[in-house]
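These notes concern the structure reproduced below.
There are 2 protein chains.
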Amino acid sequence: MPVNLSAPDPSRLSPVSGIELGTARAGIRKPGRRDLLVARFAPESTAGAVFTRNRFCAAPVTLARANLQACGQRPRALVVNTGNANAGTGTAGLDAARRTCAAVATVLGTASDAVIPMSTGVILEHLPVERIEAGLGEAIADLKPDNWAAAAEAIMTTDSVPKAASRRVEVDGKMATITGIAKGAGMIRPNMATMLAFIATDAAIVPDLLHERVGRIADASFNRITVDGDTSTNDTLLVVATGRSGARAGAGSDAFFAALEAVAVELAQAIVRDGEGATKFITVRVERAAAEDEAAAVAYAIAHSPLVKTAFFASDPNLGRILAAIGYAGIADLDVDGVDVYLDDVHVATAGGRHPDYQEADGQRVMKQSEITVRVVLGRGAAATTVWTCDLSHDYVSINADYRS
Amino acid sequence: MPVNLSAPDPSRLSPVSGIELGTARAGIRKPGRRDLLVARFAPESTAGAVFTRNRFCAAPVTLARANLQACGQRPRALVVNTGNANAGTGTAGLDAARRTCAAVATVLGTASDAVIPMSTGVILEHLPVERIEAGLGEAIADLKPDNWAAAAEAIMTTDSVPKAASRRVEVDGKMATITGIAKGAGMIRPNMATMLAFIATDAAIVPDLLHERVGRIADASFNRITVDGDTSTNDTLLVVATGRSGARAGAGSDAFFAALEAVAVELAQAIVRDGEGATKFITVRVERAAAEDEAAAVAYAIAHSPLVKTAFFASDPNLGRILAAIGYAGIADLDVDGVDVYLDDVHVATAGGRHPDYQEADGQRVMKQSEITVRVVLGRGAAATTVWTCDLSHDYVSINADYRS
Numbered sequence: 134m135p136v137n138l139s140a141p142d143p144s145r146l147s148p149v150s151g152i153e154l155g156t157a158r159a160g161i162r163k164p165g166r167r168d169l170l171v172a173r174f175a176p177e178s179t180a181g182a183v184f185t186r187n188r189f190c191a192a193p194v195t196l197a198r199a200n201l202q203a204c205g206q207r208p209r210a211l212v213v214n215t216g217n218a219n220a221g222t223g224t225a226g227l228d229a230a231r232r233t234c235a236a237v238a239t240v241l242g243t244a245s246d247a248v249i250p251m252s253t254g255v256i257l258e259h260l261p262v263e264r265i266e267a268g269l270g271e272a273i274a275d276l277k278p279d280n281w282a283a284a285a286e287a288i289m290t291t292d293s294v295p296k297a298a299s300r301r302v303e304v305d306g307k308m309a310t311i312t313g314i315a316k317g318a319g320m321i322r323p324n325m326a327t328m329l330a331f332i333a334t335d336a337a338i339v340p341d342l343l344h345e346r347v348g349r350i351a352d353a354s355f356n357r358i359t360v361d362g363d364t365s366t367n368d369t370l371l372v373v374a375t376g377r378s379g380a381r382a383g384a385g386s387d388a389f390f391a392a393l394e395a396v397a398v399e400l401a402q403a404i405v406r407d408g409e410g411a412t413k414f415i416t417v418r419v420e421r422a423a424a425e426d427e428a429a430a431v432a433y434a435i436a437h438s439p440l441v442k443t444a445f446f447a448s449d450p451n452l453g454r455i456l457a458a459i460g461y462a463g464i465a466d467l468d469v470d471g472v473d474v475y476l477d478d479v480h481v482a483t484a485g486g487r488h489p490d491y492q493e494a495d496g497q498r499v500m501k502q503s504e505i506t507v508r509v510v511l512g513r514g515a516a517a518t519t520v521w522t523c524d525l526s527h528d529y530v531s532i533n534a535d536y537r538s
Numbered sequence: 134m135p136v137n138l139s140a141p142d143p144s145r146l147s148p149v150s151g152i153e154l155g156t157a158r159a160g161i162r163k164p165g166r167r168d169l170l171v172a173r174f175a176p177e178s179t180a181g182a183v184f185t186r187n188r189f190c191a192a193p194v195t196l197a198r199a200n201l202q203a204c205g206q207r208p209r210a211l212v213v214n215t216g217n218a219n220a221g222t223g224t225a226g227l228d229a230a231r232r233t234c235a236a237v238a239t240v241l242g243t244a245s246d247a248v249i250p251m252s253t254g255v256i257l258e259h260l261p262v263e264r265i266e267a268g269l270g271e272a273i274a275d276l277k278p279d280n281w282a283a284a285a286e287a288i289m290t291t292d293s294v295p296k297a298a299s300r301r302v303e304v305d306g307k308m309a310t311i312t313g314i315a316k317g318a319g320m321i322r323p324n325m326a327t328m329l330a331f332i333a334t335d336a337a338i339v340p341d342l343l344h345e346r347v348g349r350i351a352d353a354s355f356n357r358i359t360v361d362g363d364t365s366t367n368d369t370l371l372v373v374a375t376g377r378s379g380a381r382a383g384a385g386s387d388a389f390f391a392a393l394e395a396v397a398v399e400l401a402q403a404i405v406r407d408g409e410g411a412t413k414f415i416t417v418r419v420e421r422a423a424a425e426d427e428a429a430a431v432a433y434a435i436a437h438s439p440l441v442k443t444a445f446f447a448s449d450p451n452l453g454r455i456l457a458a459i460g461y462a463g464i465a466d467l468d469v470d471g472v473d474v475y476l477d478d479v480h481v482a483t484a485g486g487r488h489p490d491y492q493e494a495d496g497q498r499v500m501k502q503s504e505i506t507v508r509v510v511l512g513r514g515a516a517a518t519t520v521w522t523c524d525l526s527h528d529y530v531s532i533n534a535d536y537r538s
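Rendered as structure tokens:
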């Protein structure tokens, strides 16, 4: 059961002028479910993307990176399959990804390197590219602007609900729309991007600026979530700007980029809310660190600790586990007497131990909530960061012990 | 259920001349169980120790380090309590540890700084030192050389079986005995030592040599195991040499130090075999790395991945999860085409993908075993390392969601 997250209301997902989406049931892994998505972008669309830093990156990641460069950040289409990650597949996998892009290019009448591929699913198995080719006709026939909800559904794997978000914002005196979809529930600790997110806007953004901002936005959203600490082989965030609204977003368009970031954060948080087996949504905020890296190291030590995560699952204010995680986060000169820890508004630890006013009942009250903020004040400097994560439950084990069967 | 590990046969634990052990039921956390251990060391005994690197280290760790130095590595006693870690307890915790040592020193007629304290159990709660004081009489009355099995039992927390090991080895023309005990099942990713291990020998070893060798031995044993990646606040390994056998172990006594290391490895592996919820014992061997640090980073990425650990639990040869972990282990210039992965004798991955001869049935056969070796050959250099770990099961979640209740 996702934490305070339900399927998006299709009527609240604004179509983005210049973007059409179509889905198909291609039977890639299992018959009968939508597992193929094609999106067509208007001419003149620009794009920026960030990809996984996993060295065993998937063939579609390698090809997407190459194609985006080859087409001068002006792609014309996106093709996504679920059920098979096309990762750990060697040169045969790269050939399969190329064949997929070529097939899409042929039916859409565009260049092969203007097609951005994404895949998600099982690793180390060959992509059944002939099923993708056979399903393309159905997806192309389905292309339409108000198809975001179906698109969000077509990219799911172990997700329990589709994930989509939409904003409208004024930029350059005109209204622009931003709509995005994402998928992911396990193998989630993105590094420079997450497991498949696609965000589109009808604002116009020059390629260099878009490239720079997509990196920054990923750092503030998908790069700040973790479910299990496992960085996927396929993580990709693609942002496409069609320019069809006539609104031009420049370096000074703060409100626009804030809205773009808000969509990214909403999608990133949705991935955590739907984290495999999640019953709690946890915000870990680390403040007064000497540097942002240091803040992130402490936040991730807490967010990845199986002991902390099982204590959240149990609603048990076993705060010593949080202190232990802070202690092993790798800050060699940490003075534990200067550290303060809060659960929401409850001051639980200070001066190397339990806060004198802390009552177990107060900790218990916060731990029972479905949304909890752990705030750690290191007392070392001015840097801070936030990481979002979920708890570790029996269902996480069940989902991952049964996933392939 | 521990993996291929049963309670030690008391008759196979050789007493160590110069060491007496006594236990008591002090009711520190729960009534009726042995939770207090006192060990008395003969005069002239030398000792070496390594301690946790967790910055939130427990009060007994701080005091043990100070006392070992103050007594010139010639301690006369050890006192261990379970049920309370005396960690995250500030200055009051340090006072409680000092009071404990003083009480032991008084009844044994020795100096307070010749007493080494260890605590294990819940973090962030004050140590009920008066219960330890009240239980000391019972423990002292119980002091005897052939009490190792009871001692191993008295230091358990979530352990399901006591852990002890014993060896006899010839050194300097005389027979020496080495016997040790350890505890630990969760919050196990030792950094420079593990959650409470005590090894004694009746060989004579000068303090400087003992200090140096204990560090080396910890690196080859307790520093190579992980259950959940959580480095404890209390990890301590203490090795005491009484010299009572008349055997002198010097820098060239390779067979003796190999036997000492073998006892440490057996105890360290016993902790993994009894890892919380463990159903499989996994050896992760990384070879042909550019440096040992790099080998360890890859080994720990695999050993800590919740996805890899749940796949082991499911006996599912979902090898893509292992490749993904290698890929995110932080080797920026890793050429995945040069990596080979084996499950025991089965060659599963090569050249960035699945080995052409690999059959799922072969992987399945290995994954069903209770003991599995994952061997990763990086093809980058001559360094290698081994890490021992266990799988992640439903019982891990149950144990840690219920531990305090």
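So the protein sequences, as listed, match chains X and H. Count the first sequence with the numbering used here and you get residues 134 to 538, in order. Count the second sequence with the numbering used here and you get residues 134 to 538, in order. We put the beta carbon where it would ideally sit given N, CA and C, even for glycine.
Could you tell me which chain H residues have their CB closer than 9 Å to the CB of residue i, listed as they occur along the chain?
i: residue 256 (chain X); result: 451, 452, 453, 454, 456, 457
i: residue 433 (chain X); result: Going along chain H, no residue has its Cβ under 9 Å from residue 433 (chain X), so there is no contact; the nearest lies around 11 Å.
i: residue 446 (chain X); result: 530, 533, 534
Please tell me whether residue i and residue j are closer than 8 Å, where the distance is taken between their beta carbons.
i: residue 419 (chain X); j: residue 287 (chain X); result: no
i: residue 487 (chain H); j: residue 257 (chain X); result: yes
i: residue 187 (chain X); j: residue 457 (chain H); result: yes
i: residue 158 (chain X); j: residue 217 (chain X); result: no
i: residue 336 (chain X); j: residue 380 (chain X); result: yes
i: residue 436 (chain H); j: residue 461 (chain H); result: no
i: residue 373 (chain X); j: residue 269 (chain X); result: no
i: residue 125 (chain X); j: residue 282 (chain X); result: Here chain X covers residues 134 to 538 and nothing more, so residue 125 (chain X) does not appear.
i: residue 178 (chain H); j: residue 483 (chain H); result: no
i: residue 278 (chain X); j: residue 153 (chain X); result: yes
i: residue 219 (chain H); j: residue 260 (chain H); result: yes
i: residue 254 (chain X); j: residue 532 (chain X); result: no
What distance in whole Å lies between the Cβ atoms of residue j and residue i, which are believed to be in contact at a cut-off of 8 Å?
i: residue 424 (chain H); j: residue 514 (chain H); result: 7 Å
i: residue 404 (chain X); j: residue 313 (chain X); result: The Cβ separation is near 12 Å, so there is no contact.
i: residue 414 (chain X); j: residue 503 (chain X); result: 7 Å
i: residue 264 (chain H); j: residue 396 (chain H); result: Actually they do not touch by this definition, with Cβ atoms about 32 Å apart.
i: residue 416 (chain H); j: residue 519 (chain H); result: 6 Å
i: residue 155 (chain X); j: residue 280 (chain X); result: 6 Å
i: residue 189 (chain X); j: residue 226 (chain X); result: Wrong, their Cβ atoms sit about 11 Å apart, outside the cutoff.
i: residue 431 (chain H); j: residue 509 (chain H); result: 6 Å
In chain H, what lies closer than 7 Å to residue i by C-beta?
i: residue 477 (chain X); result: Within 7 Å Cβ-Cβ: nothing; residue 477 (chain X) doesn't reach chain H, min ~18 Å.
i: residue 320 (chain X); result: 440, 457
i: residue 188 (chain X); result: 460, 464, 467, 469
i: residue 361 (chain X); result: 439, 440
i: residue 484 (chain X); result: 223
If the cut is a Cβ gap below 7 Å, which residues of chain X does residue i touch?
i: residue 488 (chain H); result: Ordered by position in chain X, no residue passes the 7 Å Cβ test against residue 488 (chain H), which lies about 10 Å from the chain.
i: residue 365 (chain H); result: 457
i: residue 593 (chain H); result: In the structure displayed, chain H extends from 134 to 538; residue 593 (chain H) sits before or after that span and is not available.
Just to make sure I have the definition right: I need the residues of chain X whose C-beta is within less than 9 Å of the C-beta of residue i. Which are they?
i: residue 526 (chain H); result: 530, 534
Within the same chain, show all residues whose beta-carbon is closer than 6 Å to that of residue i, passing over the 5 residues directly before and after it, in chain order.
i: residue 528 (chain H); result: 410
i: residue 135 (chain H); result: 293, 294, 406, 407
i: residue 209 (chain X); result: 174, 243, 247
For residue i, I'd like the list of residues in its chain whose CB is within less than 7 Å of its CB, leaving aside the five on either flank, ordered along the chain.
i: residue 194 (chain H); result: 184, 185, 367, 369
i: residue 338 (chain H); result: 179, 374, 382
i: residue 201 (chain X); result: 180, 182, 208, 249
i: residue 538 (chain H); result: Caution is warranted here: a pLDDT of 41 is assigned to residue 538 (chain H), below 50, making its placement in the model unreliable, and the coordinate value is therefore given only provisionally. Within the same chain, residue 538 (chain H) has no close Cβ partners at all.
Quick one: list the residues of chain H neighbouring residue i, beta-carbon separation under 8 Å, in chain order.
i: residue 443 (chain X); result: 529, 530, 533, 534
i: residue 408 (chain X); result: Result: empty, since nearest Cβ-Cβ is about 11 Å, beyond 8 Å.
Please go through the same chain and pick out, in chain order, the residues whose beta-carbon is closer than 8 Å to the beta-carbon of residue i, but skip the five residues on each side of it.
i: residue 512 (chain H); result: 421, 468, 471, 472, 473
i: residue 501 (chain X); result: 448
i: residue 205 (chain H); result: 340
Runs of alpha helix (DSSP H) wholly within the region 333-392 of chain X (minimum 4 residues, chain order):
340-353
Unbroken alpha helix (DSSP H) runs of length 4 or more, entirely within the region 412-484 of chain X: which are they?
425-437, 439-446, 453-460
Any chance you could list the beta strand (DSSP E) runs of at least 3 consecutive residues sitting entirely within the region 272-304 of chain H, in chain order?
296-304
Scan the region 138-217 of chain X and note each continuous beta strand (DSSP E) run of 3 residues or more that stays entirely inside, going in chain order.
152-157, 169-174, 179-184, 210-217
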